[in-house]
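Contents: one structure, followed by commentary.
Protein chains: 2
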Amino acid sequence: MKEKRTEISELGEFGLIDHLNENIKLRHPSTIKGVGDDAAILDKGDFVQVISTDLLLEGVHFDMSYTPLQHLGFKAVAVNVSDIAAMNAIPKQITVSVGLSNRFSVEAVDALYAGVNAAAEHYNVDIIGGDTTSSRAGLVISITVLGEVEKGKEVLRSGAKDKDIICATGDLGGALMGLQVLEREKEVFMADPKMQPQLEKYAYVTGRQLRPDARMDIIHELRDLNVVPTSMIDISDGLASELFHICKQSGVGVRIYEDKLPIDKQTYDSAVEFGLDPITCVLNGGEDYELLFTIKQEDFDKLEKHPDVHFIGHVTKSEEGKLMVTKSQTAVELKAQGWKHF
Amino acid sequence: MKEKRTEISELGEFGLIDHLNENIKLRHPSTIKGVGDDAAILDKGDFVQVISTDLLLEGVHFDMSYTPLQHLGFKAVAVNVSDIAAMNAIPKQITVSVGLSNRFSVEAVDALYAGVNAAAEHYNVDIIGGDTTSSRAGLVISITVLGEVEKGKEVLRSGAKDKDIICATGDLGGALMGLQVLEREKEVFMADPKMQPQLEKYAYVTGRQLRPDARMDIIHELRDLNVVPTSMIDISDGLASELFHICKQSGVGVRIYEDKLPIDKQTYDSAVEFGLDPITCVLNGGEDYELLFTIKQEDFDKLEKHPDVHFIGHVTKSEEGKLMVTKSQTAVELKAQGWKHF
């Protein structure tokens with residue numbers, strides 16, 4: 001009898017994660033929340049501790065042929081800090097583990113760690129440990145971040161309520177277009193190594209891809225303005241996918257407006273140049289590491305004049321579905337294409 | 001001008017880690033200890049939190065051709081819990097990240113997680129998060145463990161004092177001999193796939209390699225006996241290497257006795273069969289995940305009758321060096337060969 005073999009691709013990334021999480025039992029009352037949000041939550045008295053971890057693999061999450069090591073070190077920390085931001089928490093400590101193949105020199109490792117250290121300084125976190133080992137198969141980076149927030153101020157994906165206002169920070173789709181540009185220039189270079197990459201006019205979008213910044217500035221400003229979002233998530237897999245997470249976990253629907261979606265001019269122009277629909281890039285482009293959150297209507301005044309917070313729609317009842325109102329005033333159903341690595 | 005290129009092998013694993021840690025600055029007063037021990041230590045009021053992380057890579061830390069996935073999942077958790085034990089702390093939560101290549105089926109992932117879940121139950125820890133991603137290059141497992149201990153009861157590598165008694169748990173060298181056996185049987189199988197591996201008579205040593213158990217039992221017993229070791233480390237790189245860590249960080253010397261070193265009969269017999277010196281296996285064999293600790297002389301009575309704690313020597317002044325007294329009563333200098341992955 002042949003053993004059953006189910007391919008991971010049959011489940012997909014989210015399906016596999018759901019499948020693995022089915023069997024998890026929580027044993028400690030101090031574990032307030034395990035898997036299922038941007039970070040886990042532990043009870044530490046007056047504060048809760050939030051914990052998140054990311055595993056970054058060469059050839060899957062980054063391409064060494066166009067990724068400067070210093071930027072990669074910074075980004076590896078930033079994407080983890082972004083998960084802590086998404087809990088409305090402040091990062092405090094990180095562990096940094098790396099697997100290095102022998103094609104790495106000490107100078108290359110130093111460049112990687114220069115980026116890690118710059119990010120640790122930028123986000124005011126302590127590097128408290130890690131593991132350094134050789135790798136037979138490319139660069140591996142695993143970072144775990146610990147953060148803290150006053151108990152009751154932590155924000156989950158599950159708190160959005162009907163009529164809340166949906167906010168997105170910064171602009172979206174840029175990191176995806178940066179990736180497109182970098183991939184194209186790589187192909188040009190591989191076809192003819194004498195060709196130099198043309199990146200000047202794409203500086204903003206390539207910067208979005210190579211060196212994203214977690215929006216801790218927004219978390220500090222929300223605190224100063226005394227606004228606690230009702231739900232929050234960071235935009236790592238694309239706006240539509242993150243909206244779906246909030247809808248699923250809050251049991252709500254959403255209505256967003258195409259003409260409210262924030263897009264940078266360079267992102268827009270690059271998308272057109274590449275024959276892509278700019279709005280699709282905004283909805284499904286990954287790795288922007290902006291924040292998506294919902295606020296009560298009464299908090300609108302406090303954020304109304306914020307130059308970098310955009311009000312893209314509102315929360316609805318679950319049965320109203322997940323809709324985008326286009327510029328021609330048609331309501332279309334949102335699709336979460338997400339960011340699939342499998 | 002050519003850029004300088006320094007090979008990692010010039011520094012070695014410990015050299016590279018020291019080099020990278022030179023630039024680390026701690027910013028938060030709640031970070032009591034960062035890198036440099038089995039785990040980091042954070043101030044959480046009446047308790048301290050300890051954190052450790054390990055990165056395990058296929059082809060470096062494990063060989064899929066003879067490692068059952070369920071054992072691998074268990075071991076990945078156990079080696080992390082062992083670091084928490086070495087701080088005299090109790091593990092509470094873990095995060096588990098895995099990178100999976102597409103040759104993995106869902107059934108294979110389930111087997112890996114069956115081991116992870118069995119270990120979570122065995123060590124009474126909650127799985128609170130992780131990251132699941134595809135890998136272009138073999139299986140990657142990254143685990144971070146969080147533990148807790150009453151403030152003041154945490155045990156560092158740095159507290160050993162002259163005349164303290166040196167204790168080692170269990171027996172040593174078995175995991176190394178298990179690895180030798182498994183590697184030999186793999187070669188036999190590769191030369192002639194019709195040959196079946198002969199593992200029955202090596203069940204103990206192969207078990208030590210494939211499914212080690214962190215000594216949380218000892219930590220609970222020390223607590224019950226009201227013994228707080230003066231220093232402690234887990235034996236992952238070999239007894240000699242761990243003794244060197246304690247000597248360096250405590251500023252002391254050691255004198256151990258060959259005839260006191262704990263070795264199992266099967267380990268001894270396998271070493272002889274392989275033409276290896278059994279005592280070298282005990283001193284330099286890695287991955288036993290036993291505990292090495294020092295106690296004050298006044299605590300000796302409490303542990304004297306413990307069947308699984310062995311008194312292998314005593315701490316001396318730094319200038320007396322690191323010595324082993326052989327069975328022929330000669331004092332020889334210890335060498336820390338350690339376990340080099342680079």
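Protein chains in written order, with the UniProt record's numbering: chain X, 1 to 342; chain D, 1 to 342. Glycine is no exception: its CB is placed at the ideal position from the N, C-alpha and C atoms.
- Looking only at ALA85(D), VAL106(D), GLY59(D), the smallest Cα-Cα distance to HIS19(X) is reached by VAL106(D).
- Judged by DSSP in its simplified three-state form, GLN209(X) adopts helix.
- For the pair VAL50(D) and SER82(D), the Cα-to-Cα distance works out to about 12 Å.
- Within the UniProt domain "PurM-like C-terminal" (218-325) of chain X, the alpha helix (DSSP H) runs of at least 4 residues that lie entirely inside it are, in chain order, 239-250, 265-273, 278-284, 300-303.
- Close partners of GLY59(X) in chain D (Cβ separation under 8 Å): ARG136, ALA137.
- DSSP places SER9(D) inside the alpha helix (DSSP H), whose first and last residues are 8-21.
- If you ignore the 5 residues before and after ASP259(D), its C-beta comes within less than 8 Å of the C-beta of LYS327, all in its own chain and listed in chain order.
- For the pair ASP213(X) and ALA76(X), the CB atoms are not nearer than the 9 Å cut-off.
- Around the beta carbon of GLN209(D), 16 or more other beta carbons sit within 10 angstroms, so the residue counts as buried.
- Taking 3 residues as the minimum length, the beta strand (DSSP E) runs contained wholly in the UniProt domain "PurM-like N-terminal" (36-149) of chain X are 40-44, 47-57, 90-100, 126-129, 132-134, in order along the chain.
- Residue nearest to THR95(D) within the set PHE293(D), GLY129(D), LEU72(D) is GLY129(D) (criterion: CA-CA distance).
- Nearest to GLY34(X) by alpha-carbon distance, out of VAL125(D), GLY159(D), ASP171(D), GLN198(D), is VAL125(D).
- PHE47(X) and VAL228(X) have their C-alpha atoms roughly 16 Å apart.
- Remark: three or more beta-carbon pairs, one from each stretch, lie closer than 8 Å, so the segment 97-114 of chain D and the segment 134-142 of chain D are flagged as touching.
- Contact check for ASP43(X) and ASP234(X): beta-carbon distance about 23 Å, past the 8 Å limit, so the pair fails to qualify.
- Bridge pairing for VAL332(X): MET324(X) [DSSP].
- If the five residues before and after PHE74(X) are omitted, its C-beta is found closer than 6 Å to the C-beta atoms of GLY115, ALA118, ALA119, ARG211, all from its own chain and listed in chain order.
- Under the three-state reduction of DSSP output, LYS163(X) falls in the coil class, being neither helix nor strand.
- Spatial neighbours of GLU333(X) in its own chain (CB-CB distance under 7 Å, excluding positions within 5 residues in sequence) are listed in chain order as GLY321, LYS322, LEU323.
- Put simply, the segment 175-194 of chain D does not touch the segment 296-314 of chain D. Fewer than three CB pairs are less than 8 Å apart.
- Boundaries of the beta strand (DSSP E) harbouring LYS33(D): 31-33, taken from the DSSP string.
- Going by DSSP, VAL181(D) is part of the alpha helix (DSSP H) stretching over 174-191.
- ASP110(D) and SER318(D) have their alpha carbons spaced roughly 50 Å apart.
- C-alpha of GLU242(D) to C-alpha of ALA175(X): approximately 46 Å in a straight line.
- In the same chain as GLU148(D), and ignoring 5 residues on each side of it, the C-beta atoms closer than 8 Å to its own belong to LYS44, PHE47, VAL48, GLN49, VAL50, ALA89, ILE90, LYS92, in chain order.
- Inter-residue distance for HIS220(X) and ILE127(X) is about 21 Å (C-alpha atoms, whole angstroms).
- A Cβ of chain D is located within less than 9 Å of the beta carbon of VAL98(X).
- Excluding the 5 residues flanking it on each side, GLU185(D) has same chain C-beta neighbours closer than 8 Å at TYR66, PRO197, GLN198, LEU199, in chain order.
- Ranked by Cα distance from ASP217(D), the options THR294(D), ALA85(D), TYR202(D) are led by ALA85(D).
- Assigned with DSSP and collapsed to three states, ALA214(D) falls in coil, not helix or strand.
- Out of ARG255(X), LEU16(X), LEU225(X), the CA that lies nearest to the CA of LEU239(X) is found in ARG255(X).
- Setting aside the 5 residues that flank it on each side, LEU56(X) is surrounded in the same chain by PHE62, ALA76, ILE141, each with a C-beta closer than 7 Å to its C-beta; the list follows chain order.
- If you ignore the 5 residues before and after VAL282(X), its C-beta comes within less than 7 Å of the C-beta of LEU172, GLY173, LEU239, LEU261, ILE263, all in its own chain and listed in chain order.
- Using a Cβ-Cβ cut-off of 8 Å, TYR113(X) is close to LEU20, ASN23 of chain D, given in chain order.
- Straight-line measurement puts the Cα of SER52(X) at about 47 Å from the Cα of VAL272(D).
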